[in-house]
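Visitor: Have a look at the structure that comes next, please.
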Amino acid sequence: MKETKEFNNILDECLERLLARGESIEQCLVSYPEQADELGPLLRTALEAKEALAIQPRPEFRARARYHFGSVLREVKPKRRFFSLGWQPRWAMAVSVVLIMLLAGGGTVAAAGGSMPDSPLYPVKLATEQVWLTLTPSNMGRVELHAKLVERRVVEIIYMADKGDVQQVEVIAQRLDNHLVMVASLALAERGEERAMFAPAAEETGEDVYNRRNNRARLRLILESHAANQQDKLQDVLETAPESVKPALRRAIAVSGTGYERALEALD
Amino acid sequence: MQEEESLVRRAQQRDEEAFTQLYEAYFDKIYRYVALKIGNKTEAEDMTQQVFSNALQSISSFKWRGISFSAWLFRIAHNQVVDYLRKKSKQATALLDESLVSSDSNPQLVAEHRLDIEQLVLATKQLTETQREVVSLRFAGELPIAQVAKVMGKSQGAVKALQHSAIVALRKSLLLAEDNERD
Numbered sequence: 108m109k110e111t112k113e114f115n116n117i118l119d120e121c122l123e124r125l126l127a128r129g130e131s132i133e134q135c136l137v138s139y140p141e142q143a144d145e146l147g148p149l150l151r152t153a154l155e156a157k158e159a160l161a162i163q164p165r166p167e168f169r170a171r172a173r174y175h176f177g178s179v180l181r182e183v184k185p186k187r188r189f190f191s192l193g194w195q196p197r198w199a200m201a202v203s204v205v206l207i208m209l210l211a212g213g214g215t216v217a218a219a220g221g222s223m224p225d226s227p228l229y230p231v232k233l234a235t236e237q238v239w240l241t242l243t244p245s246n247m248g249r250v251e252l253h254a255k256l257v258e259r260r261v262v263e264i265i266y267m268a269d270k271g272d273v274q275q276v277e278v279i280a281q282r283l284d285n286h287l288v289m290v291a292s293l294a295l296a297e298r299g300e301e302r303a304m305f306a307p308a309a310e311e312t313g314e315d316v317y318n319r320r321n322n323r324a325r326l327r328l329i330l331e332s333h334a335a336n337q338q339d340k341l342q343d344v345l346e347t348a349p350e351s352v353k354p355a356l357r358r359a360i361a362v363s364g365t366g367y368e369r370a371l372e373a374l375d
Numbered sequence: 010m011q012e013e014e015s016l017v018r019r020a021q022q023r024d025e026e027a028f029t030q031l032y033e034a035y036f037d038k039i040y041r042y043v044a045l046k047i048g049n050k051t052e053a054e055d056m057t058q059q060v061f062s063n064a065l066q067s068i069s070s071f072k073w074r075g076i077s078f079s080a081w082l083f084r085i086a087h088n089q090v091v092d093y094l095r096k097k098s099k100q101a102t103a104l105l106d107e108s109l110v111s112s113d114s115n116p117q118l119v120a121e122h123r124l125d126i127e128q129l130v131l132a133t134k135q136l137t138e139t140q141r142e143v144v145s146l147r148f149a150g151e152l153p154i155a156q157v158a159k160v161m162g163k164s165q166g167a168v169k170a171l172q173h174s175a176i177v178a179l180r181k182s183l184l185l186a187e188d189n190e191r192d
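Shown next, in the form of C-alpha cells:
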C-alpha cells in the first residue's frame with residue numbers, strides 16, 4: 108500500500124516534469140532508476156496522449172468566439188453610477204496616477220517612460236500606460252496604442268535577456284502577448300461595429316466608411332512592419348543571449364509571431 | 010499565480026481587458042477538455058463559447074476560498090458536459106470528426122494525427138468515468154494534480170491513484186487496438 112502510494116507520487120512528479128516543464132522521459136527515469144521499468148511505459152503513454160490532444164480550435168471559430176465573447180462582455184457591463192469610481196478601477200487608477208503626476212512632477216513620469224523592469228520607476232511606467240489606454244476613447248486609437256506598447260515590451264525583453272533574467276523575459280513576453288490579444292480583440296470589435304453600421308447606412312457617409320477602412324489598412328501596414336522588425340531584433344538577441352535565457356527568448360519570439368498573426372488576421 | 014489573482018479581481022470589477030486575458034489563457038484548454046469529453050466538433054465549439062459566457066455572468070460570485078480560478082472554470086465546463094451528456098443520454102465520447110484534427114497541410118501527417126486522436130478517444134471509452142475525468146483535466150485541460158483534485162472534489166492522493174490506474178488502462182487499451190490493427 109505504502110509502495111503504491113509512493114509510486115503514484117513518483118509518477119505524478121514525473122508527469123509534471125514531462126508535461127509542464129518539458130523534461131524528457133529519460134531525465135525522469137534517471138531520477139528513479141529502481142522504478143524505471145514500470146515508469147517508462149506509463150510516461151510514454153501519457154506523452155502520446157498529450158501529443159494526440161494537441162488539437163486546435165479552427166481559426167474561424169476562434170475569431171467568431173472571440174467576437175461573440177466581446178459582445179457578451181460589453182452587454183454585461185453594469186451601468187455607470189455618476190458619482191462613484193468604485194465600479195471602474197481603471198478610472199480610479201487613472202485619477203491616482205494623474206494625482207501622482209501632479210505631486211511628483213512631470214519629471215518622474217518622463218523618467219519612468221524610459222525605465223526598464225529592474226528599475227523602481229517601472230511600475231510608474233506601466234501605470235502611465237494604463238492611463239493612456241483608459242483615456243483613449245476609440246477602439247482603433249487603443250489598437251494603435253497597444254501596438255506602440257508592444258514595441259516597448261520588445262525593448263524590455265532584449266534588455267532583460269542581455270542581463271540573463273529568464274523570469275522577467277517570460278513575464279514581459281506575457282505582457283507583450285496581452286497587448287497583441289487586445290489589438291486583435293479591439294480590431295474584431297471594431298469590425299463588428301462596422302458591419303452593424305452597414306444596415307442603417309443612412310447616417311454613415313461613404314467617406315466615413317472609406318476613412319474607417321483606410322485606418323484599418325494603415326494600422327495593418329504599421330503592424331506588419333513592426334512584426335518583421337521585432338522578430339528580426341529578437342532573433343538577433345537570440346544569437347548573443349546567455350544560454351540560460353534562450354528557451355524563454357524562443358518562447359517570446361513564438362508568442363510574438365502568433366500574436367501578430369492573430370492581430371493581422373483581425374485587421375483584414 | 011499572483012498575476013492571475015489580480016486579473017480575476019479586475020475581471021470581477023468588469024475590467025474588459027482582464028477578462029479577455031483570462032479568456033485567452035484558458036480558451037484552448039477548455040476547448041480540448043470539452044472536445045475530448047464529447048467528441049463532437051460543433052458541439053465542443055458551442056459549449057466552449059457557452060462556458061465563457063457562463064463564467065462571465067457568474068464571475069462576481071467567484072471567491073478565492075480554497076479553489077483556484079482554473080478549477081472554478083473547469084467545474085463550469087464539467088457541469089455543462091454533464092448536462093449535455095444527460096440530455097443526449099449517450100456515451101460520453103463519440104468518434105472525433107475530421108475537423109477536430111489540427112489544420113496541418115500534410116495529408117499524411119493529418120491522417121497519422123487523426124489515428125492517434127481516434128485511438129485515444131476509443132481508449133478513453135474503456136476507462137471509468139472518474140478515470141476519464143482525470144485524463145481530460147490533466148492532459149487536455151493541463152491542470153496540475155492539486156487543481157484536478159479541487160475540480161473533482163477528491164483528495165490529491167485519490168486523484169494520483171486514479172491517474173495511475175487511468176494511464177495503465179489507457180496503455181492496455183492502446184496496445185490492444187494496435188494488436189487488432191496488425192491482425
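Chains P and X supply the protein sequences, listed in that same order. Heads up, the first sequence is in my numbering, so the first residue is 108 and it goes up one at a time. Heads up, the second sequence is in my numbering, so the first residue is 10 and it goes up one at a time. Built from N, CA and C at the ideal position, the CB exists for glycine as well. Everything numeric in this text was worked out from a predicted model, so none of it was measured.
(1) Which residue's Cα is closest to the Cα of L31 of chain X: X:W81, X:E138, X:G48?
(2) How about L129 of chain X and A143 of chain P: do their beta carbons lie closer than 8 Å?
(3) What does a CB cutoff of less than 6 Å around R191 of chain X pick up in its chain, not counting 5 residues either side in sequence?
(4) Does L183 of chain X have its Cβ less than 8 Å from a Cβ in chain P?
(5) Given that V288 of chain P touches chain X, what residues does it touch there, using C-beta distances under 8 Å?
(6) If you follow the alpha helix (DSSP H) that M267 of chain P is in, where does it begin and where does it stop?
(7) Compare the C-beta of Y40 of chain X against all C-beta atoms of chain P and say whether one is closer than 8 Å.
(8) What are the complete alpha helix (DSSP H) segments, minimum 4 residues, inside the region 26-110 of chain X?
(9) Does DSSP classify G364 of chain P as helix, strand or coil?
(10) Short of 7 Å in beta carbon distance, which residues of its chain neighbour K232 of chain P, apart from the five on each side in sequence? Order them along the chain.
(11) Give the residues of chain P in contact with R180 of chain X, contact being defined as C-beta atoms less than 7 Å apart.
(12) Identify the contact partners of F148 of chain X in chain P, using a Cβ-Cβ distance below 8 Å as the criterion.
(13) Does any residue of chain P bring its CB to less than 8 Å from the CB of L118 of chain X?
(14) Rounded to whole angstroms, how far is the Cβ of I126 of chain X from the Cβ of A334 of chain P, which I believe are closer than 8 Å?
(15) Which one of X:L152, X:L183, X:V143 has the shortest CA to CA distance from I76 of chain X?
(16) How would you list, in chain order, the residues of chain X whose beta-carbon sits under 9 Å from the beta-carbon of N116 of chain P?
(17) Return no unless some Cβ of chain P is closer than 8 Å to the Cβ of V157 of chain X.
(18) Buried or exposed for R173 of chain P, please, with buried defined as at least 16 other CB atoms from any protein chain shown within 10 angstroms of its CB.
(19) Name the two residues that bound the continuous alpha helix (DSSP H) containing L171 of chain X.
(20) Compute the beta-carbon to beta-carbon distance between Q338 of chain P and G366 of chain P, rounded to the nearest angstrom, for a pair I have assumed lies under 8 Å.
(21) Going along the region 86-100 of chain X in order, which residues come within less than 9 Å of chain P, judged by CB to CB distance?
(22) Does chain P have any CB closer than 8 Å to the CB of Q135 of chain X?
(23) Check each candidate in X:F148, X:Q140, X:N189, X:A149 and name the one with the smallest Cα separation from A167 of chain X.
(24) For E81 of chain P, which residues from the same chain have a beta carbon less than 8 Å from its beta carbon, with the 5 sequence-adjacent residues on both sides left out?
(25) For E54 of chain X and W239 of chain P, I'd like the C-alpha separation in whole angstroms.
(26) Around the C-beta of T133 of chain X, are 16 or more other C-beta atoms found within 10 angstroms, so that it is buried, or is it exposed?
(27) Hey, A280 of chain P and L330 of chain P are a contact pair by Cβ (cut 8 Å); roughly how many whole angstroms apart?
(28) What does a CB cutoff of less than 6 Å around S112 of chain X pick up in its chain, not counting 5 residues either side in sequence?
(29) Measuring CB atoms only, is the region 62-79 of chain X touching the region 148-164 of chain X, in the sense that at least three cross pairs come out at less than 8 Å?
(30) What residue range does the alpha helix (DSSP H) around D375 of chain P cover?
(31) Contact criterion: CB-CB distance below 8 Å. Does K112 of chain P meet it with respect to chain X?
(32) Tell me the rounded alpha-carbon separation between S178 of chain P and R282 of chain P.
(33) When you compare only the Cα positions, how much space is there between V257 of chain P and A175 of chain X?
Guide: Walking through what the data contain:
(1) X:W81
(2) no
(3) none
(4) yes
(5) T29, Q30, E33
(6) 246-269
(7) yes
(8) 50-67, 78-97
(9) helix
(10) A219, G220, S222
(11) P148, L149, T152
(12) L126, A153, A156, K157, L160
(13) Confidence is the limiting factor: at L118 of chain X the pLDDT is only 44, short of 50, which leaves the residue's position unreliable, though a coordinate-based value still follows. It does not; no Cβ of chain P falls within 8 Å.
(14) No, I126 of chain X and A334 of chain P are not in contact; Cβ-Cβ is about 32 Å, not under 8 Å.
(15) X:L152
(16) G166, K169
(17) no
(18) buried
(19) 165-191
(20) That belief does not hold up - the Cβ atoms of Q338 of chain P and G366 of chain P are roughly 11 Å apart, past 8 Å.
(21) none
(22) no
(23) X:Q140
(24) Because chain P is modelled from 108 through 375, residue 81 of chain P falls outside the range shown and cannot be assessed.
(25) 36 Å
(26) buried
(27) With 8 Å as the limit, A280 of chain P and L330 of chain P do not qualify as a contact, their Cβ atoms being about 18 Å apart.
(28) At S112 of chain X, the pLDDT of 45 sits below 50, so the modelled position is not reliable; the number obtained from the coordinates is stated separately. If we look at S112 of chain X and ignore the five residues flanking it on each side, it has no Cβ neighbours.
(29) yes
(30) Unbroken run through D375 of chain P: none, as it is neither H nor E.
(31) yes
(32) 24 Å
(33) 44 Å
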